[in-house]
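Contents: one structure, followed by commentary.
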Amino acid sequence: MAIISIPSSIGGVSIPGLTNVPGGPLGVLFGNPNQLAVHQYPRDLGSATKGHSIKFEINEITPAKYDVEGGVSIISNILGGGQIGDTIEKVSSTFKDILKTTAEDGISETFNLALSNRKKKIAATVALYMPETVNFQYNSDYGGPVSLTKTIFANTGAVGRGLSAIADSDVTKLALATQGLALNPQEQVLFNGIDFRTYQMAFTFTPYSREESLEVKNIIKLFRQYAAPRLQKGTGGMFFIPPGTFNLKFLFNGQVNRNITQVGESVITSIDVNYAPNGWAAHSDGAPVQTTLTMSFKEIQLVDRTQIEKGY
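One point on numbering: in this note's numbering, the residue at position 161 of the sequence shown is 270, and numbering is uninterrupted.
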């Protein structure tokens with residue numbers, strides 16, 4: 110049975126109905142329910158030789174709304190004072206009121222603010238080839254070591270504390286050493302928790318045409334853009350809207366690849382763009398011949414054993 114490779118573009122220009130339209134032959138790979146424009150690299154992604162890919166859904170964070178009619182907002186309280194001391198006093202009073210009102214009436218009535226939960230919407234979709242390195246890091250926090258012997262001594266009153274001091278003294282240690290003995294501290298390592306899982310990816314872009322060079326530029330800009338926060342308008346530059354989040358899928362021939370650890374919603378913790386990985390070289394229009402993009406991600410939810418059993 111012959112394998113037919115359907116080209117996704119000609120001369121670097123995507124063919125309508127193939128990659129950017131959910132109903133096209135490769136729609137299962139690149140389609141999205143919101144009919145968003147799909148950015149992709151390379152041009153033959155999804156073909157017989159480029160069956161492995163990563164699909165990024167980039168989420169825009171929508172800030173909570175607040176209503177200041179009929180009341181005083183946090184922002185006006187903070188900015189209202191002309192002196193630093195007055196401002197600090199108002200901020201302190203504000204948060205005391207928040208804590209008190211929250212405890213008594215619930216957060217929906219707090220300080221005349223009509224707050225809503227954090228919302229997000231898909232802003233863009235990027236499909237990239239599977240990089241040479243996809244590195245996941247799992248870290249657990251173990252405290253200690255904790256000495257069971259010292260803990261028992263410390264919690265048995267003055268006598269126990271006295272015994273603990275004697276046991277720790279050099280005289281006692283020397284005396285035990287003459288008998289060929291040493292005090293067993295009975296140390297144990299205690300589990301404190303787990304860290305948020307992190308992973309890194311690196312991509313190398315070598316555009317085939319001017320159109321693909323523009324696509325690479327747009328892809329890199331998207332990642333840089335949504336790795337950065339925004340300033341909330343109307344707040345005097347005092348508040349950030351958090352950067353975007355990312356949902357990833359590892360795909361093989363248009364289907365989720367269950368042989369690779371699946372990834373939860375993540376944020377970019379660092380991003381590195383190198384426009385001259387092999388020395389500076391540019392096309393006639395000034396576009397770099399090659400660019401590398403290295404990104405570090407962190408999941409925003411902890412992954413426990415139950416999640417791992419589900420494929421995360």
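Yeah, the Cβ is synthetic: ideal placement off N, Cα and C, and Gly gets one too.
Taking the continuous beta strand (DSSP E) assigned at residue 416, which residues delimit it?
Residue 416 -> not in any beta strand (DSSP E); alpha helix (DSSP H) instead, spanning 414–418.
Looking only at DSSP bridge pairs, what is residue 251 linked to?
Beta-bridge pairing links residue 251 to 300.
If distances are taken between C-alpha atoms only, which option among 302, 326, 245 comes closest to residue 401?
For residue 401, the closest C-alpha among the options 302, 326, 245 is that of 326.
Sorted by chain position, which residues of the same chain lie with C-beta nearer than 6 Å to residue 253's C-beta, five sequence neighbours on each side aside?
Taken in chain order, the residues that qualify are 298, 299.
Residue nearest to residue 243 in terms of C-alpha spacing, selected from 312, 230, 257
Check the Cα spacing between residue 243 and each of 312, 230, 257: the tightest is with 312.
Using the C-alpha atoms, what's the distance from residue 381 back to residue 280?
Spanning the two alpha carbons is a distance of roughly 58 Å.
Candidates 235, 364, 260: which alpha carbon is nearest residue 168's?
Ranking the options by Cα distance to residue 168, first place goes to 235.
Express the C-alpha separation of residue 332 and residue 180 in angstroms, rounding to a whole number.
Any reading at residue 180 needs caution, since the residue's pLDDT is 39, under 50, leaving its predicted position unreliable; the model's value is listed next. Cα to Cα, residue 180 sits roughly 39 Å from residue 332.
Could you give the residue range of the alpha helix (DSSP H) that holds residue 334?
Counting along the chain, the alpha helix (DSSP H) containing residue 334 begins and ends at 319–335.
Of all the options 154, 324, 257, 307, which has the alpha carbon lying nearest to the alpha carbon of residue 293?
Comparing Cα positions, the closest option is 257.
Please determine, among 385, 355, 318, the residue with the shortest C-alpha to C-alpha distance to residue 410.
Selected option, being the one with the closest Cα: 355.
Is residue 285 closer than 8 Å to residue 291 when the C-beta atoms are compared?
Cβ atoms of residue 291 and residue 285: closer than 8 Å.
If you follow the alpha helix (DSSP H) that residue 376 is in, where does it begin and where does it stop?
For residue 376, no alpha helix (DSSP H) encloses it; the enclosing beta strand (DSSP E) starts and ends at 375–383.
Taking 8 Å as the threshold (C-beta atoms), are residue 150 and residue 245 in contact?
Taking 8 Å as the Cβ cut-off, residue 245 and residue 150 do not qualify as a contacting pair.
CB contact check: residue 330 to chain B, cutoff 8 Å:
Considering every chain present, this structure includes no chain B. It has just one protein chain.
Report the partner residues of residue 392 according to the DSSP bridge assignment.
DSSP output for residue 392 lists no bridge partner at all.
What does the alpha-carbon distance come out to for the pair residue 343 and residue 229?
Residue 343 and residue 229: Cα-Cα distance of roughly 21 Å.
Less than 7 Å between the CB of residue 247 and some heavy atom of the ligand HEM, yes or no?
This structure lacks the ligand HEM, and indeed carries no ligand of any kind.
Could you name the residues that DSSP lists as bridge partners for residue 164?
According to DSSP, residue 164 bridges with 236, 358.
To the nearest angstrom, how far is the alpha carbon of residue 404 from that of residue 259?
The straight-line gap from Cα to Cα measures roughly 46 Å.
Could you tell me the alpha carbon to alpha carbon distance between residue 419 and residue 172, rounded to whole angstroms?
It is roughly 31 Å from the alpha-carbon of residue 419 to the alpha-carbon of residue 172.
Return the chain-ordered list of same chain residues with a C-beta closer than 6 Å to the C-beta of residue 416, the five sequence neighbours on each side being excluded.
So no residue of the chain qualifies.
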